[in-house]
Amino acid sequence: MAEPKTISVNIYGQDYMLKSAGDEEYIHKIAKIVQERMKEVESTGLDANSQQLKIAVLAAMNIADELLQSEDKKNRLITRIEAKGNSFIEYIDDRIKEIESTKEK
631 MAEPKTISVN IYGQDYMLKS AGDEEYIHKI AKIVQERMKE VESTGLDANS QQLKIAVLAA
691 MNIADELLQS EDKKNRLITR IEAKGNSFIE YIDDRIKEIE STKEK
């Protein structure tokens, strides 16, 4: 696993220095999701003191990370399933061609 590095993100007007072994672009993608969610919360008229807000942001970062990891895992599984399905179809097509060629003889 890669060595953790410090990545700076700004969410909801607050700067956060995060240590992560993950890709910097990935961390910024997570921060963007959290920013969008924070704006959604803001639009409801809710207000919180700054300490609670920081805790909420960090919790939201973890949630967004889990979401993105789940989506990535799902996409990898779909790719594997499609590949196996295509292999199965090719196998069946080959068997059909063999059967048809033996009938012609």
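Going by our numbering, the first residue of the sequence shown is number 631, and it counts up by one from there. Where a beta carbon is used, it is the ideal one built from N, C-alpha and C, also for glycine.
Counted as a single uninterrupted DSSP element, the beta strand (DSSP E) harbouring residue 646 occupies residues 644-650. If you draw a straight line from the Cα of residue 722 to the Cα of residue 732, it is about 15 Å long. The alpha-carbon of residue 693 is positioned some 19 Å away from that of residue 636.
The C-beta separation of residue 644 from residue 671 comes to about 14 Å, leaving the pair out of contact by the 8 Å criterion. Between residue 660 and residue 702, the C-beta spacing is not below 8 Å.
In the three-state reduction of the DSSP assignment, residue 636 falls in the strand class, which pools E and B.
Under DSSP, residue 641 forms a beta bridge with 644. If you ignore the 5 residues before and after residue 649, its C-beta comes within less than 6 Å of the C-beta of 634 and 636, all in its own chain and listed in chain order.
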